[in-house]
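Enquirer:
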Amino acid sequence: MAKQNLMDKVVSLCKRRGFVFQSSEIYGGLGSIWDYGPYGIALKNNIANYWMREMVQLHDNIVGLDAAILMHPRVWEASGHVEGFVDPLVDCKQCKARFKAQDLIAVWRKKNLMDELAGGDITAGKEGDLEELKKINWSKANCTACGNSGSLTEPRQFNLMLKTFLGPVEDKSATVFLRPETAQGIYVNYQNVMNTARVKLPFGIAQIGKAFRNEITPGNFIFRTREFEQMEMQYFVNPADASDILIEWRDKRLSYYHKLGIRPEKLRLHQHTKEELAHYAADAYDIEYEFPFGWQELEGIHNRTNFDLSRHMEYSGKDLQYFDPDTKEKFIPYIIETSAGLNRTLLTCLVDAYNEDVQDSEPRTFLSLSPMIAPIKVGVFSLVKKDGLREIADNIASDLRQVGTVFTD
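Numbering (my numbering) for the sequence shown: 126 to 534.
(1) Where glycine 275 and leucine 214 are concerned, what is the direct C-alpha to C-alpha distance, given to the nearest angstrom?
(2) Name the residue from Ala409, Ile311 and Lys391 whose alpha carbon lies nearest to the alpha carbon of histidine 397.
(3) Just verifying my parser: in three-state terms, what is the DSSP assignment at glutamate 424?
(4) When the distance is taken between beta carbons, is serine 368 closer than 9 angstroms to alanine 308?
(5) Counting pairs of Cβ atoms below 8 angstroms between the segment 442-452 and the segment 352-359, do you hit three or more?
(6) Taking methionine 356 as part of the beta strand (DSSP E), name the residues at either end of that continuous run.
(7) Would you mind working out which of Ser204, Glu241 and Ala478 sits nearest tyrosine 382, comparing C-alpha positions?
(8) In the DSSP assignment, what are the bridge partners of isoleucine 330?
(9) So, are the CB atoms of aspartate 212 and isoleucine 341 less than 9 angstroms apart?
(10) By DSSP's criteria, proline 213 is part of a beta bridge. Which residues make up the other side?
(11) Near leucine 287, what residues of its chain come up, given a Cβ to Cβ distance below 6 angstroms and the 5 sequence neighbours on each side ignored?
(12) Throw me the rounded Cβ distance for the tyrosine 312 and aspartate 433 pair, which I believe falls under 8 angstroms.
(13) Pull up the distance between the alpha-carbon of threonine 470 and that of lysine 453, whole angstroms please.
(14) Counting only runs that start and end within the segment 380-443, where is the beta strand (DSSP E) found for 3 or more residues in a row?
(15) Under DSSP, the alpha helix (DSSP H) around tryptophan 201 begins and ends at which residues?
(16) Taking the C-alpha atoms as reference points, what is the distance between leucine 168 and lysine 140?
(17) Can you look up leucine 155 in the DSSP assignment and give me helix, strand or coil?
(18) Determine which residues share a DSSP beta bridge with lysine 557 and list them.
(19) What's the call for cysteine 271, buried or exposed, on a 16-neighbour Cβ count within 10 Å?
(20) Report the three-state DSSP secondary structure of asparagine 339 (helix, strand or coil).
(21) So, helix, strand or coil for serine 148, using DSSP?
(22) Is the separation between the beta-carbon of isoleucine 460 and that of valine 362 shorter than 9 angstroms?
(23) How far does the beta strand (DSSP E) with glutamine 484 in it extend, from its first residue to its last?
(24) Going by C-alpha distance, which of Val207, Ser298 and Phe224 is nearest arginine 281?
(25) Taking just the CA atoms, how far does phenylalanine 416 sit from glycine 466?
(26) Can you check whether the CB of aspartate 296 is closer than 9 angstroms to the CB of proline 327?
(27) Rounded to a whole number of angstroms, what is the C-alpha to C-alpha distance between lysine 384 and leucine 494?
(28) Is the separation between the beta-carbon of glycine 162 and that of phenylalanine 144 shorter than 9 angstroms?
(29) Pull up the DSSP beta-bridge partners for arginine 489, would you.
(30) Please report the distance separating the alpha-carbon of aspartate 449 from that of isoleucine 187.
(31) Check lysine 455 in the structure and name its three-state DSSP category.
(32) Between threonine 463 and isoleucine 194, what straight-line distance do the alpha-carbon atoms span, to the nearest angstrom?
(33) Rounded to whole angstroms, what is the Cα-Cα separation between methionine 438 and glycine 205?
(34) Relative to the C-alpha of lysine 260, which residue among Ala243, Lys502 and Trp233 is closest?
(35) Report yes if the CB atom of leucine 371 is closer than 9 angstroms to the CB atom of isoleucine 426, and no otherwise.
(36) Taking all protein chains shown into account, decide if arginine 436 is buried (16 or more other Cβ within 10 angstroms of its Cβ) or exposed.
Below, the structure is given as structure tokens:
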């Protein structure tokens, strides 16, 4: 099956069978916003519950949290999102297409055009740096959508955070942001959890929650959207143990996808190069899946060092150091992060489970989902309606609903 054809079939199946609907469809829909139908929400909940089981229930040193979507604006100043959560944006004046500058560069690199456009390549890892992007002769470049030459604008910074106003007055002092990630809610609650859950290093805080990003170029169905759910666990450790614990969690998280039933040959690990590392990270791995549109990140495992807690100490004025009762030392813990997208995991499961065959000369489409996450656990069918058999089947189905979703006909 051709890769793009597979993706089209998965999208069609999702809409046809009630997994995913276009949001506000009767009004023409809203770009890159999706609703989850009866089977979609059942599958999504099962994935989320299994993640929580793997993270919290099976570990005596990891606890759960549900932090608010709206947070004090200073949180996002401390995290660097207000200043640095930006992408250079390029528009085509001819066809009105909009691009991330780094996406255009990726296409031009594949076509070996960077020498012609910039007199050499952009420094790896700096595709989002406006100064670096000045090397490119944008008036000479072709739009990758319409092919027109000379119609691309110079890059300009575009903040990915969505903002609103809290209270009756819409001014700068009332500005709050819809969180672009769930991690910061964990960091600002780190001390609350430590004091109330009676945990000591190493310990983790796990959370599933919504996040919002005003993506310039969302796409590939539910792979990249403006409203999405993250499954994140932040593991607080002694700095001396961080490198070893990163590898432990890398291997645990890869094993998790095997347990979900994802084919091992469709998964791979990618360690970030020095140029690819985020400014806060000492080391990082991506678990990637081979989607119909190529290898893409499924989950990130990062050694975030003490960057986040140090920044929140600086901006809040609170002491977030950890006191080790054994060594009597005080230090700022390092954080090992596992960060996955729930919607992206759901798409992975659907793509990986999609199957077609022919039965009794008729084509058949079906999903080979793991029983742990399948939206329907069992079907009960009464072949005849006489002699009370239908009532017996209904009673069996009613009993089975205590342990899972049952389909009856």
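All C-beta atoms, glycine included, are put in the ideal place defined by N, C-alpha and C.
Expert: Walking through what the data contain:
(1) What you label residue 275 is simply residue 150 of the sequence shown in a count that begins at 1. What you label residue 214 is simply residue 89 of the sequence shown in a count that begins at 1. So the two alpha carbons sit approximately 16 angstroms from each other.
(2) In the sequence shown, counting from the first residue as 1, residue 397 sits at position 272. The shortest C-alpha separation from histidine 397 is found at Ala409.
(3) Locating residue 424 in the sequence shown gives position 299, counting from the first residue. It is a strand residue.
(4) As a first step, residue 308 must be located in the sequence shown, where it is residue number 183. As a first step, residue 368 must be located in the sequence shown, where it is residue number 243. Not in contact: alanine 308 and serine 368 (Cβ atoms no closer than 9 angstroms).
(5) no
(6) Along the sequence shown, read from residue 1 onward, the residue named residue 356 stands at position 231. Start and end: 352-362.
(7) By one-based count along the sequence shown, residue 382 stands at place 257. Considering only alpha carbons, the answer is Ala478.
(8) Here the question's residue 330 lines up with position 205 in the sequence shown. BP columns for isoleucine 330 point to Val188 and Gln359.
(9) As a working mapping, residue 212 is identified with position 87 in the sequence shown. As a working mapping, residue 341 is identified with position 216 in the sequence shown. Yes, they are a contact pair.
(10) Within the sequence shown, the letter at position 88 stands for residue 213. According to DSSP, which records beta bridges pairwise, proline 213 is partnered with Gln282.
(11) Taking the sequence shown and counting its residues from 1, the one referred to as residue 287 is at position 162. Within the same chain, leucine 287 has close Cβ partners Leu303, Phe337 and Asn339.
(12) Your numbering for residue 312 matches position 187 in the sequence shown. Your numbering for residue 433 matches position 308 in the sequence shown. About 5 angstroms separates the two Cβ atoms, so the contact holds.
(13) The residue given as residue 470 occupies position 345 in the sequence shown. The residue given as residue 453 occupies position 328 in the sequence shown. Spanning the two alpha carbons is a distance of roughly 42 angstroms.
(14) 392-396, 408-416 and 419-428
(15) Taking the sequence shown and counting its residues from 1, the one referred to as residue 201 is at position 76. Unbroken alpha helix (DSSP H) run through tryptophan 201: 198-204.
(16) Working through the sequence shown from its first residue, we reach residue 168 at position 43. Working through the sequence shown from its first residue, we reach residue 140 at position 15. For leucine 168 and lysine 140, the distance between alpha carbons rounds to 14 angstroms.
(17) Position 30 of the sequence shown holds residue 155. Three-state DSSP puts leucine 155 in coil, outside helix and strand.
(18) The structure shown does not extend to residue 557, since the chain is modelled only from 126 to 534, so the question has no answer here.
(19) Here residue 271 corresponds to residue number 146 of the sequence shown, with the count starting at 1. It counts as exposed.
(20) One-based indexing of the sequence shown puts residue 339 at position 214. Of the three classes helix, strand and coil, the one that applies to asparagine 339 here is coil, per DSSP.
(21) Numbered from 1 along the sequence shown, position 23 holds the residue referred to as residue 148. Looking at serine 148 - three-state DSSP - the assignment turns out to be coil, as it is neither helix nor strand.
(22) Working through the sequence shown from its first residue, we reach residue 460 at position 335. Working through the sequence shown from its first residue, we reach residue 362 at position 237. Yes; because the gap between Cβ atoms is below 9 angstroms, this pair is in contact.
(23) Translated into positions along the sequence shown, residue 484 becomes position 359. First-last of the beta strand (DSSP E) with glutamine 484: 479-484.
(24) As a working note, residue 281 is residue 156 in the sequence shown. Among Val207, Ser298 and Phe224, the Cα nearest to that of arginine 281 belongs to Phe224.
(25) Taking the sequence shown and counting its residues from 1, the one referred to as residue 466 is at position 341. Taking the sequence shown and counting its residues from 1, the one referred to as residue 416 is at position 291. So the two alpha carbons sit approximately 15 angstroms from each other.
(26) Here residue 327 is taken as the residue at index 202 of the sequence shown, counted from 1. Here residue 296 is taken as the residue at index 171 of the sequence shown, counted from 1. No.
(27) One-based indexing of the sequence shown puts residue 384 at position 259. One-based indexing of the sequence shown puts residue 494 at position 369. Each residue's Cα considered, the two are about 11 angstroms apart.
(28) The sequence position of residue 162 within the sequence shown is 37, counting from 1. The sequence position of residue 144 within the sequence shown is 19, counting from 1. Yes, the Cβ-Cβ distance between glycine 162 and phenylalanine 144 is below 9 angstroms.
(29) Residue 489 sits at position 364 when you count from the first residue of the sequence shown. Note: arginine 489 sits in a beta bridge opposite Asp482.
(30) Taking the first residue of the sequence shown as position 1, residue 449 is located at position 324. Taking the first residue of the sequence shown as position 1, residue 187 is located at position 62. Going by the C-alpha atoms only, they are around 18 angstroms apart.
(31) By 1-based counting over the sequence shown, the position of residue 455 is 330. Reduced to three states, the DSSP call for lysine 455 is strand.
(32) Locating residue 463 in the sequence shown gives position 338, counting from the first residue. Locating residue 194 in the sequence shown gives position 69, counting from the first residue. For threonine 463 and isoleucine 194, the distance between alpha carbons rounds to 19 angstroms.
(33) Residue mapping note: residue 438 aligns to position 313 of the sequence shown, counting from 1. Residue mapping note: residue 205 aligns to position 80 of the sequence shown, counting from 1. Spanning the two alpha carbons is a distance of roughly 14 angstroms.
(34) Taking the sequence shown and counting its residues from 1, the one referred to as residue 260 is at position 135. Nearest option by C-alpha distance: Ala243.
(35) For the purposes of this step, residue 371 is taken as the residue at position 246 of the sequence shown. For the purposes of this step, residue 426 is taken as the residue at position 301 of the sequence shown. Result yes, Cβ atoms of leucine 371 and isoleucine 426 sit closer than 9 angstroms.
(36) Residue mapping note: residue 436 aligns to position 311 of the sequence shown, counting from 1. Its Cβ being crowded by 16 or more others within 10 Å, arginine 436 is buried.
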